[in-house]
Amino acid sequence: MDIRFTEEQEMVRKMVRDFAETEIAPFVEEMEEGEFPHEILQKMADLGLMGMTIPEEYGGAGMDFISYIIAINELSRVSATIGVILSVHTSVGTNPILYFGTEEQKQKYVTKLASGEYLGAFCLTEPSAGSDAGSMKTRAVKQGDHYVVNGSKVFITNGGVADTYIVFASTNPELGSKGVSAFIVEKDTPGFIIGKDEHKMGLHGSKTLQLTFEDMKVPAENLLGQEGEGFKIAMANLDVGRIGIAAQSLGIAQAALEASTDYAKERVQFGKPIAAQQGVSFKLADMATAVEGSRLLTYRAANLRALGKPCGKEASMAKLFASQTAMNVAIEAVQVFGGYGYTKDYPVERFFRDAKVCEIYEGTSEIQRIVIGKHLMN
Ligand code: CAA
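Numbering (my numbering), first residue to last: 1 to 378.
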């Protein structure tokens with residue numbers, strides 16, 4: 001089986017690659033210094049990238065899911081920071097409203113998220129509820145025409161800079177994950193408190209914040225779906241989000257492989273390029289093989305999603321394999337570059353730092369194995 005993209009999808013790839021290389025690459029250093037890429041996101045909005053898969057009736061570009069995955073893949077090849085901002089904004093920041101929201105909620109929020117006027121975020125993880133997301137302690141109590149929400153969330157991608165947050169809170173703690181509900185929360189809601197900006201190993205241009213909710217009053221009309229439906233909303237959207245993280249991982253791995261191959265062809269030791277030394281060429285061969293495997297798994301999961309078929313198992317397989325490949329390929333890239341690879345003069349140390357979190361967020365590698373294992377038992 002070969003991966004064949006349509007003419008339109010190839011155009012998307014070319015357009016996004018050009019954009020990433022001309023508009024994003026020059027800004028990578030500033031993002032490494034912690035600068036949030038507001039201007040780049042504005043340019044991406046102008047190109048329709050902030051609402052690629054959102055139907056045109058809600059202000060999106062109405063494109064297919066594979067084109068979106070191509071975009072995440074190409075953006076991440078240049079900047080994994082941009083890749084994760086877009087992936088979180090789209091798959092878990094916007095899609096929950098598109099798929100589970102009322103018509104009013106879609107008109108009010110999806111249109112602004114799709115145009116890029118708003119940035120989206122997703123608040124599931126808590127200090128003591130990470131992999132065991134269903135054990136969350138954040139509570140939402142209905143009082144008249146609103147819910148009062150108390151609790152805290154951690155590691156929120158796009159935190160502080162996002163305009164809307166899909167917040168998960170328990171409306172019935174006795175029911176465990178079946179008592180979790182989802183809410184659309186606007187940034188300026190009283191009681192919404194922006195906390196510490198994490199000082200991360202990688203992805204320096206993206207924001208990862210703690211949030212606290214202190215008697216935060218959320219209008220009842222901002223309940224997403226039904227009470228108790230929140231955990232399913234989170235899981236269903238994470239299924240799709242994980243394909244985005246696989247594409248992000250693939251982009252990092254591709255970049256590390258390309259940099260290593262170019263360097264190995266130039267770098268001469270013992271009278272010939274190191275690429276011609278078997279120790280290095282075998283390394284490059286293994287890296288290229290793993291990248292190809294990631295590509296196949298990622299686009300296979302994306303294709304199932306595009307066809308509207310169940311893709312949870314394949315999404316987890318793609319995320320598991322591609323994120324581990326990104327990490328392994330980045331480690332080997334640093335090795336190919338030798339001492340230079342350990343300096344900030346070359347990009348491979350950034351790939352190394354950026355790759356690690358792909359094995360952690362949107363479900364650790366261990367969680368992906370749990371999901372895959374459950375599917376095998378069904
Ligand atoms: N789609 C729809 N419903 C689903 C589902 C899915 N993929 N997975 C589970 N459910 C439903 C189940 O059907 C079940 O309901 P029923 O009993 O009615 O059938 C209910 O949810 C509970 O399911 P489980 O018993 O399987 O739940 P669990 O408590 O054992 O947890 C888990 C399962 C897979 C481990 C889950 O907790 C999980 O995915 N944990 C990881 C959390 C995670 O990925 N966090 C990422 C944070 S977001 C992020 O990282 C974004 C970022 O910044 C980049």
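Glycine residues also receive a C-beta, built at the ideal position from the N, C-alpha and C atoms.
Any heavy atom of the ligand CAA closer than 7 Å to the beta-carbon of residue i?
i: S177; result: yes
i: D197; result: no
i: G312; result: yes
i: F100; result: no
i: A302; result: no
i: V88; result: yes
i: V154; result: no
i: T171; result: no
i: T157; result: yes
i: G134; result: yes
i: V84; result: yes
i: I243; result: no
i: M235; result: yes
i: S76; result: no
i: K232; result: yes
i: V16; result: no
i: G363; result: yes
i: F321; result: no
Could you tell me which of the options sits nearest to residue i, measuring between CA atoms?
i: V149; options: F155, I156, F168 and G159; result: F168
i: Y346; options: E258, S323 and T364; result: E258
i: N158; options: Y147, K112 and V88; result: V88
i: S152; options: F192, D145 and G228; result: F192
i: L47; options: F5, E56, E366 and S115; result: S115
i: R4; options: I70, E32 and A276; result: I70
i: G160; options: T189, K265 and K137; result: T189
i: K112; options: N73, V78 and G59; result: G59
i: P310; options: E366, H375 and T81; result: H375
i: T102; options: I82, G144, L224 and T81; result: L224
i: F321; options: F270, T364 and G341; result: T364
i: A247; options: Y342, A45, A129 and A80; result: A80
i: K187; options: E198, D197, A162 and V291; result: A162
Could you tell me the boundaries of the alpha helix (DSSP H) in which residue i lies?
i: N95; result: N95 to F100
i: Q9; result: E7 to F19
i: D197; result: No alpha helix (DSSP H) holds D197; the beta strand (DSSP E) holding it covers F192 to D197.
i: A71; result: F65 to V78
i: E366; result: S365 to M377
i: E29; result: V28 to E32
Helix, strand or coil for residue i? Go by DSSP, reduced to three states.
i: L49; result: helix
i: I156; result: strand
i: C123; result: strand
i: R305; result: helix
i: L175; result: helix
i: V141; result: strand
i: E214; result: strand
i: Q269; result: strand
i: Y118; result: coil
i: A129; result: strand
i: Y147; result: strand
i: P347; result: coil
i: P310; result: coil
i: P219; result: strand
i: L224; result: strand
i: T90; result: helix
i: T111; result: helix
i: L209; result: strand
i: R242; result: helix
i: A318; result: helix
i: V161; result: coil
i: K356; result: helix
Between the beta-carbon of residue i and the beta-carbon of residue j, is there less than 8 Å?
i: A256; j: V357; result: no
i: Y441; j: F351; result: Outside the modelled stretch of the chain, which goes from 1 to 378, sits residue 441, for which no answer is possible.
i: V141; j: S67; result: no
i: I243; j: A306; result: no
i: T164; j: Y99; result: no
i: F65; j: G93; result: no
i: A355; j: A326; result: yes
i: G134; j: S177; result: yes
i: K217; j: H146; result: yes
i: L209; j: I156; result: yes
i: T138; j: E227; result: no
i: N237; j: S91; result: yes
i: S387; j: S249; result: Given a span of 1 to 378 for the chain in the structure shown, any question on residue 387 remains unanswerable.
i: G308; j: D239; result: no
i: N95; j: G251; result: no
i: G195; j: T212; result: yes
So does residue i have its beta carbon nearer than 7 Å to some heavy atom of the ligand FAD?
i: T125; result: The ligand FAD is absent from the structure shown, which contains only the ligand CAA.
What first and last residue would you give for the beta strand (DSSP E) that runs through residue i?
i: E186; result: V180 to E186
i: V167; result: T164 to S170
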